[in-house]
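Scroll down for the structure; my scribbles are underneath it.
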Amino acid sequence: MSCNWIILIFLHGILAVQSKKLIARAHFNSEDENQIKQKMTALTDTQSGHYENNFEYLSSLTELIVNRLSHKSISEKLSDIEKFQAYNNRRLDLEGQIENRVNRVNFEIESLPHGHTCKEFYMQQKSALESAYTRNNLVKQHILNENSNNCPSKNDFNGYNGHNNYNNEQNNNNNPRNDIIENIDSHINSALGHYQNNREYSERLNALYMAKQSHWRSSQLIHAVNKFHHFNTRRLDLEKQIESRERQIDFEMESLPHGHSCRKFYLHQKMTLERAYVMNNISKQNIVGKTRKNCPFKYDSNEHLSGSNGGNGQWPRWHVRPDRYNSFE
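Just so you know, the sequence shown maps onto residues -19 to -1, 1 to 310 in mature numbering (1 follows the signal peptide of the UniProt record, and there is no 0).
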């Protein structure tokens, strides 16, 4: 056997071994990929705790679903799983702490005599704690910290400790920062309007919370409070405009006969308005402006102004008068 044949046989053997290794590795990677996808699917299909109306949870879950369907590497998908599990485990742990504190607060409320000052104290704690279930983890932790203290007046005979209250008032008056922090807390715990699933609201609230946790000067904190207050006031005003327009649309739809062209027009407007609640303020303003328009199908082919009312010149009940919404701003 020539030397060339020996070399060829040797090389063929090496290639065969390498091919087996590559096939085994591909098979291994394929099995790993399937297991990872199954784990991701299990995580997305198993929803526990207070996950409804929780924007942070929905965002994390959506990101996991998108990553499961992506062409990311196995190591990247494993990292995505670990990231989601770390967030979700923290969320469930905080919700467990909230539930425990709520149970404790309920016990304190039931054990106190009627009219005791601490009843109101614990009722406020309970309200704040229960509102935390749908908040992000950072705000959950803040609300827990703020509502884990026992009522300072519990051991007083009549539920009022004049000496302690006087000292607290003196301390607050001597430290303007306390008033600012109290103002920030009132914003964090307010939960007014259609705030759930509103990303802009959540981001602004987080910024306000971070400002509170910082070592900013009082002037900087005041600026942060005013900035959030301006945004939130505008948000609530726009939501009132949306609600007002929806009521007008409901009135018009009730007055229209079945099958009238304007019913579909107003139904589309109402659906657009309802979606606007969770949008940012700029989008809200744009939608409010666009949905002020009157129905363009004021007359059907067989519904003339003169014919529908015997030529008396009055508007039929199901027609939209051009000046109907001129007063709506």
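The C-beta atom is built at its ideal place from N, Cα and C for all residues, glycine as well.
- Below 8 Å, enough C-beta pairs join the stretch 264 to 277 and the stretch 229 to 247 to call them touching: three or more.
- Counted as a single uninterrupted DSSP element, the alpha helix (DSSP H) harbouring L189 occupies residues 180 to 194.
- Taking I203 as the centre and dropping the five residues before and after it, the same chain places the C-beta of I161 closer than 7 Å to its C-beta, in chain order.
- Contact holds between the stretch 15 to 26 and the stretch 41 to 49, because three or more Cβ pairs, one in each stretch, are under 8 Å apart.
- Note that the C-beta distance between L189 and F212 is not below 7 Å.
- Judged by pairs of C-beta atoms under 8 Å, the stretch 172 to 182 touches the stretch 35 to 45, as three or more such pairs exist.
- Across the structure, K121 and F65 are spaced so that their CA atoms are roughly 17 Å apart.
- Within the stretch 19 to 96, the complete alpha helix (DSSP H) segments of 4 residues or longer fall at 36 to 49, 55 to 92, listed in chain order.
- Exposure of N207 is indicated by the presence of fewer than 16 other C-beta atoms within 10 angstroms of its C-beta.
- N84 and P157 have their C-alpha atoms some 34 Å from each other.
- A direct Cα-Cα distance of roughly 12 Å separates S171 from E163.
- Ranked by Cα distance from Y258, the options R228, G240, Q229, L217 are led by L217.
- Nearest Cα to H31 within the set K251, I55, G240, T115: T115.
- Counting only residues of its own chain and dropping the five nearest sequence neighbours on each side, S264 has a CB closer than 7 Å to the CB of A257.
- Contact annotation: the stretch 58 to 73 does not touch the stretch 89 to 106, with fewer than three C-beta pairs closer than 8 Å.
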